[in-house]
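Peer 1:
Below, the structure is given as structure tokens:
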């Protein structure tokens with residue numbers, strides 16, 4: 016029987032390897048989508064549907080799993096997620112301004128993949144409270160289904176995604192090592208049969224275009240797609256079950272030993288952030304091949320190169336250094352502001368106190 020790493024001094028390489036798999040699917044799916052010849056009813060469309068069936072759900076589930084220390088999560092939520100969002104939004108706008116003619120800047124509307132940072136800030140900050148809510152798994156599952164009924168819960172501040180993806184973060188938060196062990200012990204014939212069924216299902220969805228491909232993003236209300244709430248809820252339920260099925264396969268088949276994926280999995284945030292400008296460049300200049308095999312070869316090669324380069328320790332160190340520097344400045348300014356406000360408040364209080372004493376002396 017295969018067991019997970021139980022030595023507290025060692026990393027759990029299963030999760031590192033899973034994150035490496037997820038980030039490759041993220042990058043490659045993004046590159047394929049914007050290469051200029053994307054069509055849902057193609058092999059590329061099928062790959063995109065497969066990827067978006069589980070990639071962000073998987074990242075959020077893994078993030079939830081490692082959010083057991085709720086005090087630490089809340090304390091680091093601003094530094095690790097909200098502050099990078101506030102910094103990277105104008106940075107990515109500059110890239111778009113260079114590459115595209117018609118661009119806009121709106122901090123209320125996360126650009127491309129940066130919504131993940133905003134969502135993670137909310138989840139990490141509030142998990143201390145959400146984790147105490149009785150029946151939170153069921154509540155968050157219902158929220159995923161019902162939130163699509165409200166068009167106001169859309170891309171603005173990633174509200175649609177905050178509501179839709181919460182259930183996966185909560186499931187990860189509630190998971191324990193014993194649950195992972197049970198998944199790993201599921202007979203492989205069943206897992207391979209499930210994988211085959213998922214591939215057939217993805218093929219059908221891609222070439223029939225039965226579900227609008229944007230619905231896989233779980234970001235908009237059902238009215239955007241001109242469908243009834245009942246139909247939207249049913250489709251989102253199917254997408255949710257599909258995501259869990261894919262994650263079952265990923266957790267079961269991903270190796271748990273240390274391998275080349277493990278190092279990549281430890282630095283996925285840097286890959287996630289740094290691949291965005293490359294995606295913009297691909298969208299601006301496209302990839303040659305006009306949807307042929309050459310297009311896919313270049314797309315996957317570019318994705319593999321991006322994942323490798325951006326997961327190097329030096330890139331992660333540079334990212335952390337910049338964020339730490341800016342956070343240090345922000346923290347220093349904030350503390351100084353508090354000191355100034357405290358001093359002003361004290362001086363004003365003393366001033367009124369002195370005036371009161373003078374009035375009594377005059378009498």
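Numbering (the numbering used here), first residue to last: 16 to 378.
Glycine included, C-beta positions come from ideal geometry on N, C-alpha and C.
Here's the rule I'm using: 16 or more other beta-carbon atoms within 10 Å means buried, otherwise exposed. How should residue 211 be labelled?
Peer 2: In the chain shown, the residue the question calls residue 211 occupies position 196. Label assigned to residue 211: exposed.
Peer 1: Restricting to Cα atoms, I'd like to know which of 338, 332, 300, 335 is closest to residue 114.
Peer 2: Residue mapping note: residue 114 aligns to position 99 of the chain shown, counting from 1. Closest by alpha carbon: 300.
Peer 1: Please state whether the Cβ-Cβ distance between residue 330 and residue 285 is less than 8 Å.
Peer 2: Start at 1 with the first residue of the chain shown, and residue 330 comes out as number 315. Start at 1 with the first residue of the chain shown, and residue 285 comes out as number 270. Yes, the Cβ-Cβ distance between residue 330 and residue 285 is below 8 Å.
Peer 1: Measuring only the C-alpha atoms, how far is residue 106 from residue 366?
Peer 2: The residue you call residue 106 lines up with position 91 of the chain shown. The residue you call residue 366 lines up with position 351 of the chain shown. So the alpha carbons of these two residues sit roughly 46 Å apart.
Peer 1: What would DSSP say about residue 111, mapped onto helix, strand or coil?
Peer 2: Position 96 of the chain shown, counted from the first residue, corresponds to residue 111. In this structure, residue 111 counts as helix in the three-state DSSP scheme.
Peer 1: If you check the beta carbons only, do residue 382 and residue 79 fall under 8 Å apart?
Peer 2: The structure shown does not extend to residue 382, since the chain spans only 16 to 378, so no value can be given for it.
Peer 1: Leaving aside the five residues before and after residue 48 along the sequence, list all residues of the same chain whose C-beta is less than 7 Å from its C-beta, in chain order.
Peer 2: The sequence position of residue 48 within the chain shown is 33, counting from 1. Cβ within range, chain order: 63.
Peer 1: Could you name the residues of the same chain whose beta carbon sits closer than 6 Å to that of residue 126, not counting the 5 residues immediately before and after it, in chain order?
Peer 2: If you number the chain shown from 1, residue 126 lands on position 111. Once the five neighbours on either side are set aside, the close Cβ partners of residue 126 are 107.
Peer 1: Is residue 281 helix, strand or coil by DSSP?
Peer 2: Within the chain shown, residue 281 is the residue found at index 266, counting from 1. Residue 281 falls in the coil class under three-state DSSP.
Peer 1: Does the beta-carbon of residue 294 have 16 or more other beta-carbons within 10 angstroms, so that it is buried, or is it exposed?
Peer 2: Walking along the chain shown from the start, residue 294 turns up at place 279. Flag for residue 294 reads buried.
Peer 1: Determine the direct distance from the alpha carbon of residue 344 to that of residue 267, and round the result to whole angstroms.
Peer 2: The sequence position of residue 267 within the chain shown is 252, counting from 1. The sequence position of residue 344 within the chain shown is 329, counting from 1. Cα to Cα, residue 267 sits roughly 44 Å from residue 344.
Peer 1: Between which residues of its own chain and residue 19 is the CB-CB distance below 8 Å, once the five residues before and five after are set aside?
Peer 2: As a working note, residue 19 is residue 4 in the chain shown. Residue confidence is low: residue 19 scores 43 on pLDDT, short of 50, so the model does not pin down where it sits. Its coordinate-derived value is still stated next. Only 27, 29, 192, 195, 196, 199, 271 meet the Cβ criterion.
Peer 1: Do residue 290 and residue 118 have their C-beta atoms closer together than 8 Å?
Peer 2: Translated into the one-based positions of the chain shown, residue 290 becomes position 275. Translated into the one-based positions of the chain shown, residue 118 becomes position 103. Not a contact, by the Cβ cut-off of 8 Å.
Peer 1: In terms of residues, what are the limits of the alpha helix (DSSP H) holding residue 31?
Peer 2: Along the chain shown, read from residue 1 onward, the residue named residue 31 stands at position 16. Its alpha helix (DSSP H) spans residues 28-48.
Peer 1: Residue range of the alpha helix (DSSP H) that residue 88 falls in?
Peer 2: Mapped onto the chain shown, residue 88 falls at position 73. Note, residue 88: alpha helix (DSSP H), 85-92.
Peer 1: Taking only the alpha-carbon atoms, compute the straight-line gap between residue 144 and residue 81 and give it to the nearest angstrom.
Peer 2: As a first step, residue 144 is located in the chain shown; it is residue number 129 there, counting from the start. As a first step, residue 81 is located in the chain shown; it is residue number 66 there, counting from the start. Cα-Cα distance, rounded: 16 Å.
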